[in-house]
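Taking it in order: structure first as C-alpha cells, then the write-up.
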C-alpha cells in the first residue's frame, strides 16, 4: 500500500470500529439491563432510547479519539442565503424520494425472491415509538451526531484530496452505515449531497438544519399527516385534517418539482477554499480497494444480510 491507500484504509477502519463498537456497547448494555431490570426491555420506547445511546452518544468518544489522530483542515466559511438554502432543502427532498423509490423497488424484489416481507426499520421506529422520542432522537439528536460523524470529521480530513473524493466517500460510508437496504439508497444520495453543501459553505450548521428538516418532515410531521389522511379516507375528517393533508402534499410536491429543476439546471460549482492539494491517479481504487475500507464495507454488508434474513 502507498501512503494514500494507508490513509483511506485508516479512515475505513475507524468507521468500521465505530459500527462494531456501537453493536458491542448495545449488546453489553442490553444484557446489563436484562439482569437488573428485565421488564424495561419490553418497552419499545426504552429500546429506542438505548439504541440511540449506543449508536451515537456512547461510541462517540472512541471515534473521536481515533479520528483526532488524523490531520484535518478547516474549510473556508461562506454564508448561505435563504433562497439557496430552500433550494438545497428541495433538492434534499428530491434525492430522498429518488432514494426511497429505489429502496422500495429493491426490497420488494428481494422480498418476492425470498417470499418474505422486508420490514423497514425506520418505519417501524417512527410508527411504534412515542412522538416526543421521534422529535428528540430521530429529528434532532440523530441529525446532529450524523452530520458531525459523517460530514465534519470525514470531509475535514479528506478534503485535501479534493471535493469529489470527500463527497463520494461521505456517500458510501453514510449509505452503508445505515445497515439496511431500505435506507441505503437515500442515505447514499443525501450523504453525498450534504457533503457537497458542507464543502460549499464550510459551515456544518447548514447540513444539520437540512438534515433536521428532512427527518422532521419524515417522522413527526408525517405522523400527523398520516392520521389526517386516514380520517379523510374514512370520511371522518374535519377542516383541520383536510388542511393538514393539503398543505403537506403541496409542500412535498412543490419541493420535489423545485428540487428536480435544481438538479437538472445544476452547473459545476466552484468550491471556494477547497482546492485539490493531492491528486489521486486512481481515486476509486485508492479510496475503496484498501484493507480498512474493505473491512468497513464487508462488515455492513454482513449486517444488511442479517437484517434481511432476521
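In the numbering used here, the protein residues as written are -3 to 306.
Yeah, the Cβ is synthetic: ideal placement off N, Cα and C, and Gly gets one too.
Checking 7 Å against the spacing of the C-beta atoms, do residue i and residue j come in under that value?
i, j, result
"residue 191", "residue 166", "yes"
"residue 103", "residue 252", "no"
"residue 48", "residue 288", "no"
"residue 272", "residue 198", "no"
"residue 181", "residue 99", "yes"
"residue 258", "residue 87", "yes"
"residue 149", "residue 283", "no"
"residue 151", "residue 84", "no"
"residue 225", "residue 241", "yes"
"residue 202", "residue 76", "yes"
"residue 130", "residue 216", "yes"
"residue 12", "residue 291", "yes"
"residue 153", "residue 274", "no"
"residue 141", "residue 52", "yes"
Could you please give the first and the last residue of the uninterrupted alpha helix (DSSP H) stretch that includes residue i?
i, result
"residue 50", "Counting along the chain, residue 50 falls outside any alpha helix (DSSP H), and DSSP gives it neither H nor E."
"residue 6", "-1 to 32"
"residue 207", "200 to 214"
"residue 194", "177 to 197"
"residue 138", "138 to 143"
"residue 235", "235 to 260"
"residue 132", "It is not in any alpha helix (DSSP H) - residue 132 carries neither H nor E in the DSSP assignment."
"residue 152", "149 to 154"
"residue 165", "159 to 173"
Hey, residue i and residue j are a contact pair by Cβ (cut 8 Å); roughly how many whole angstroms apart?
i, j, result
"residue 163", "residue 188", "5 Å"
"residue 171", "residue 184", "3 Å"
"residue 74", "residue 160", "Not quite, the Cβ-Cβ distance comes to about 19 Å (not below 8 Å), so this is no contact."
"residue 41", "residue 138", "That belief does not hold up - the Cβ atoms of residue 41 and residue 138 are roughly 15 Å apart, past 8 Å."
"residue 15", "residue 295", "6 Å"
"residue 133", "residue 59", "Not really, about 19 Å apart at Cβ, beyond 8 Å."
"residue 21", "residue 54", "5 Å"
"residue 36", "residue 28", "Actually they are not in contact, since the Cβ atoms of residue 36 and residue 28 sit about 11 Å apart, beyond 8 Å."
"residue 156", "residue 69", "7 Å"
"residue 127", "residue 219", "6 Å"
"residue 278", "residue -3", "So it is not a contact: roughly 13 Å between Cβ atoms."
"residue 276", "residue 0", "6 Å"
Can you tell which of the options has the C-alpha that lies nearest to the C-alpha of residue i?
i, options, result
"residue 147", "135, 186, 242", "186"
"residue 26", "277, 39, 202", "39"
"residue 303", "127, 178, 168", "178"
"residue 82", "254, 299, 260, 293", "254"
"residue 136", "213, 17, 168", "213"
"residue 262", "80, 32, 57", "80"
"residue 256", "234, 31, 93", "93"
So what's residue i in DSSP terms, helix, strand or just coil?
i, result
"residue 272", "coil"
"residue 277", "coil"
"residue 67", "coil"
"residue 287", "helix"
"residue 96", "helix"
"residue 57", "helix"
"residue 299", "helix"
"residue 230", "coil"
"residue 72", "coil"
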